[in-house]
């Protein structure tokens, strides 16, 4: 019976983390739309919407005492808590990184940040990042290790695209240093976003292989 | 008596976090020395030494179950755990950011990364970052809120210096796009490092104002 109550509380915690992963995916899609279309309203929506992820993270952390205190925790429960807190931290940070991209858009608006030459490689990064957030949401829901491994492949794609972009920028980039710095930073934000998505999946795998139910 | 044992365990946890803050300070000093002197050995030492912070973080996390399980935790203990985990995560990340700076040095070696024109503003960032790590260590040891507030002022200095550097880079930077991107990224690493130092202090203040002993 105690286990049932705890399961219910863990389901609520998992529910918050899954909701966070959907928000993080929406944030990067909004930021990418803003980036490629120089869309001020989309960028502002990403900035304004970030508070939702901050609140979810606080909500997830606020659940921890309840999950633990009321049911005499064992070590595996506590490992679960460490994982849940790491997952919440990564998802909140993914939202922050989407905001950073949106702010580059706002800083240059109405001028666009992405010249045609950089569009393909940045699209690769943007698509992979959004896909990874979707997969992280699936991994959270299914605890499927195959999905988690796939995120590592997506991450390799993001890293390779970042290298291609940087090569492009240092090989006679015709749009000046400011444009090159903007794009290098945007690429770094996508790359960090992807790393955090991998971390979410990795934490879930750790839970699964530790035979802990999340 | 139970409380005494728990105090001892919390002292051990605080001890690990304080050791982490000293490692994080040493890492950024090593990275800065490598950066300004194009010192390959110093850069390699920073990269090789990062495993120490990773281990400390794992050690801090491994202590949590012991702190909690053996003493029937109350909500304030659990808040403490959330703070301790955030502090450990920030300090580990500070080490990673020092490694990122060291890797830029290694990538360009034997060519230096910092032309004379950028030396002063980057030194400001490097000095402030190292100072902040020292203060974070003091805050961890003393739980002194005044120190914690001072880190906010140091952080403002880092942010202002980053803006000055970016202005410099986009105003006819004579060393090319690659150099500008390197420096913009290095500045970003210092800025993130400083943010994490502020976060460490903030978590300690939260603990103090929540009248929780860490």
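Chains as they are written, first to last, in UniProt numbering: chain A, 1 to 214; chain B, 1 to 214.
Glycine included, each C-beta is placed from N, C-alpha and C at the ideal position.
- Per the C-alpha coordinates, the member of B:32, B:115, B:108 positioned closest to residue 97 (chain B) is B:32.
- With a contact defined as Cβ atoms closer than 8 Å, residue 82 (chain A) and residue 145 (chain A) miss out at about 19 Å.
- Residue 190 (chain B) carries a helical assignment under DSSP once its states are collapsed to helix, strand and coil.
- In this structure, DSSP gives residue 38 (chain B) a state outside helix and strand, which the three-state scheme calls coil.
- Contact annotation: in the segment 171-203 of chain A, residues whose CB is within less than 8 Å of a CB in chain B are 173, 176, 177, 178, 180, 181, 184, 185, 188.
- Rounded to the nearest angstrom, the Cβ distance from residue 121 (chain A) to residue 180 (chain A) is 13 Å, too far for a contact under 8 Å.
- Less than 8 Å separates the beta-carbon of residue 35 (chain A) from that of residue 113 (chain A).
- Under a 10 Å Cβ-count criterion, residue 200 (chain B) is classified as buried, with 16 or more other Cβ atoms of the shown protein chains found around its own Cβ.
- The alpha-carbon separation between residue 30 (chain B) and residue 9 (chain B) amounts to approximately 32 Å.
- Contact between the segment 95-111 of chain B and the segment 185-196 of chain B is present, with at least three C-beta pairs closer than 8 Å.
- A distance below 8 Å separates the beta carbons of residue 18 (chain B) and residue 137 (chain B).
- C-alpha of residue 45 (chain A) to C-alpha of residue 116 (chain A): approximately 25 Å in a straight line.
- A straight-line Cα-Cα distance of about 11 Å links residue 109 (chain A) and residue 41 (chain A).
- In the three-state scheme derived from DSSP, where H, G and I count as helix and E and B as strand, residue 51 (chain A) is classed as helix.
- The contact set of residue 59 (chain A) on chain B, defined by CB atoms closer than 9 Å, is empty, because the minimum CB distance reaches about 13 Å.
- Within chain A, no residue has its beta carbon less than 9 Å from that of residue 28 (chain B); the closest one is some 19 Å off.
- The contact set of residue 82 (chain A) on chain B, defined by CB atoms closer than 7 Å, consists of 61, 64, 85 in chain order.
- A check of alpha carbon separations from residue 52 (chain B) across B:130, B:27, B:111 identifies B:27 as the nearest.
- Cβ contact annotation for residue 118 (chain A) (same chain, cutoff 7 Å, sequence separation greater than five): 165, 168, 183, in chain order.
- Out of A:64, A:152, A:194, A:43, the CA that lies nearest to the CA of residue 16 (chain A) is found in A:64.
- DSSP places residue 79 (chain A) in the helix class (H, G or I) of the three-state scheme.
- In its chain, beyond the 5 residues on either side, 38 have a beta carbon closer than 8 Å to the beta carbon of residue 111 (chain A).
- An exposed status is given to residue 107 (chain A), since fewer than 16 other beta-carbon atoms sit within 10 Å of its beta-carbon.
- Looking only at B:104, B:60, B:178, B:78, the smallest Cα-Cα distance to residue 90 (chain B) is reached by B:60.
- At a cut-off of 8 Å between beta-carbon atoms, residue 17 (chain A) makes no contact with chain B.
- Assigned with DSSP and collapsed to three states, residue 56 (chain B) falls in helix.
- Interface with chain B (8 Å Cβ-Cβ cutoff): residue 169 (chain A) is included.
- The residues 17, 200, 203, in chain order, have a CB closer than 7 Å to that of residue 87 (chain A) in the same chain once the five nearest residues on each side in sequence are set aside.
- A straight-line Cα-Cα distance of about 24 Å links residue 93 (chain B) and residue 126 (chain A).
- At least one C-beta of chain B is nearer than 8 Å to the C-beta of residue 166 (chain A).
- Among the CB atoms of chain A, one or more fall inside 8 Å of the CB of residue 89 (chain B).
- Shortest Cα-Cα distance from residue 95 (chain B) to any of B:49, B:84, B:14, B:170 involves B:49.
- Rounded to whole angstroms, residue 62 (chain A) and residue 178 (chain B) show a C-alpha spacing of 45 Å.
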